[in-house]
Amino acid sequence: MPYQHRSMDGSPLGLPPGKVVCIGRNYLEHIRELGNAVPETPILFIKPATSLVQLADPIQLPTGRGSCHHEVELAVLVGRKLQNVDASTARQAVSGYGIALDLTLRDLQNELKKKGHPWELAKAFDGSCPLSPFLSPTGLPDPQAINLTLYINGELRQEGNTGQMMLGIFDLMAHISNHFTLLPGDVVLTGTPAGVGPLQSGDQLILGLAEHHFTAQVA
Numbered sequence: 325m326p327y328q329h330r331s332m333d334g335s336p337l338g339l340p341p342g343k344v345v346c347i348g349r350n351y352l353e354h355i356r357e358l359g360n361a362v363p364e365t366p367i368l369f370i371k372p373a374t375s376l377v378q379l380a381d382p383i384q385l386p387t388g389r390g391s392c393h394h395e396v397e398l399a400v401l402v403g404r405k406l407q408n409v410d411a412s413t414a415r416q417a418v419s420g421y422g423i424a425l426d427l428t429l430r431d432l433q434n435e436l437k438k439k440g441h442p443w444e445l446a447k448a449f450d451g452s453c454p455l456s457p458f459l460s461p462t463g464l465p466d467p468q469a470i471n472l473t474l475y476i477n478g479e480l481r482q483e484g485n486t487g488q489m490m491l492g493i494f495d496l497m498a499h500i501s502n503h504f505t506l507l508p509g510d511v512v513l514t515g516t517p518a519g520v521g522p523l524q525s526g527d528q529l530i531l532g533l534a535e536h537h538f539t540a541q542v543a
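FYI, the working numbering numbers position 73 of the sequence shown as 397, with every residue one higher than the one before it.
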């Protein structure tokens with residue numbers, strides 16, 4: 325079934341699947357675990373709409389392309405056009421919050437980084453953004469102070485709090501809008517906390533967003 329943005333009750337939200345704008349290196353501990361430099365400005369990259377799949381569907385890992393890592397992230401659904409806006413305006417444009425996996429072909433990404441090449445081949449493949457249904461913005465009164473968790477086969481692998489972000493959610497959205505336009509149906513991924521690692525066939529996942537939990541399975 326083609327991907328649609330959905331609310332927590334399963335109903336379609338009426339926004340077209342758009343691009344996914346991701347930020348690299350927005351949690352300090354994740355920067356440290358990969359041995360990366362702390363960026364002076366946000367590192368942005370894009371996944372196309374074809375990267376979007378429902379988190380509830382079996383996660384398909386690319387074959388023959390090296391290790392595929394999980395990166396759990398807060399996802400923000402854009403509900404109106406944002407172009408050259410401030411953080412306050414960006415906040416008013418949020419249609420919902422969800423949780424996503426930014427799947428990453430880590431071996432390939434490392435090769436690309438060594439060559440100074442863009443990351444998209446490692447980040448933007450079909451199905452590389454499994455995404456949960458969206459909570460209403462009122463369902464997370466303070467999205468900048470919520471816990472994100474990822475359990476794999478019952479073991480806690482990733483844990484962080486959105487308050488640990490180097491650049492906050494709405495400042496990030498404003499920053500993006502001053503470089504290129506965000507449209508209704510676009511999704512912003514806000515970075516991943518420490519603990520990233522490889523996924524394996526058959527893995528059972530539980531993703532936590534505040535008090536909400538979502539299950540997923542690797543095919």
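Glycine included, every Cβ here is placed at the ideal spot set by N, Cα and C. Being a predicted model, the structure only gives us computed values, none of them experimental.
- Rounded to whole angstroms, the Cβ separation of Leu-459 and Gly-422 is 7 Å, and the two are in contact under 8 Å.
- Counting other Cβ atoms within 10 Å of its Cβ, Thr-473 reaches 16 or more and is therefore classed as buried.
- Using a Cβ-Cβ distance cut-off of 8 Å, the region 495–503 and the region 403–410 are in contact, since at least three pairs of beta carbons, one from each stretch, lie closer than that value.
- Distances from the CA of Ser-391 to each of Pro-457, Leu-429, Asp-381 were compared; the closest alpha carbon is that of Leu-429.
- Annotation: the region 469–540 contains the following complete segments of the alpha helix (DSSP H) (minimum length 4 residues), in chain order: 493–501.
- In chain order, Gln-407 place their CB closer than 6 Å to the CB of Thr-505, counting only its own chain and leaving out the 5 sequence neighbours on each side.
- With respect to Ala-446, Gln-433 sits close: the two C-beta atoms are nearer than 7 Å.
- The three-state reading of DSSP puts Glu-435 in helix, counting H, G and I together.
- With at least 16 other beta carbons inside 10 angstroms of its own, Met-489 counts as buried.
- Lys-439 and Tyr-475 have their alpha carbons spaced roughly 33 Å apart.
- Annotation: the continuous beta strand (DSSP E) that includes Gln-378 extends over 376–378.
- If you check the CB distance, Gly-420 and Leu-398 do not come in under 7 Å.
- Under the DSSP assignment, Leu-455 falls in the beta strand (DSSP E) whose first and last residues are 453–455.
- Annotation: Leu-368 is outside any alpha helix (DSSP H); the continuous beta strand (DSSP E) that includes it extends over 367–371.
- Per DSSP, His-329 has no beta bridge partner at all.
- Our two residues, His-394 and Thr-365, have alpha carbons roughly 24 Å apart in a direct line.
- Put simply, the backbone Cα of Arg-389 is about 13 Å away from that of Leu-427.
- Burial state of Pro-442 is exposed, judged by a 10 Å Cβ sphere holding fewer than 16 other Cβ atoms.
- The alpha carbon of Pro-336 has as its nearest neighbour, out of Arg-356, Gly-515, His-503, Pro-457, the alpha carbon of Pro-457.
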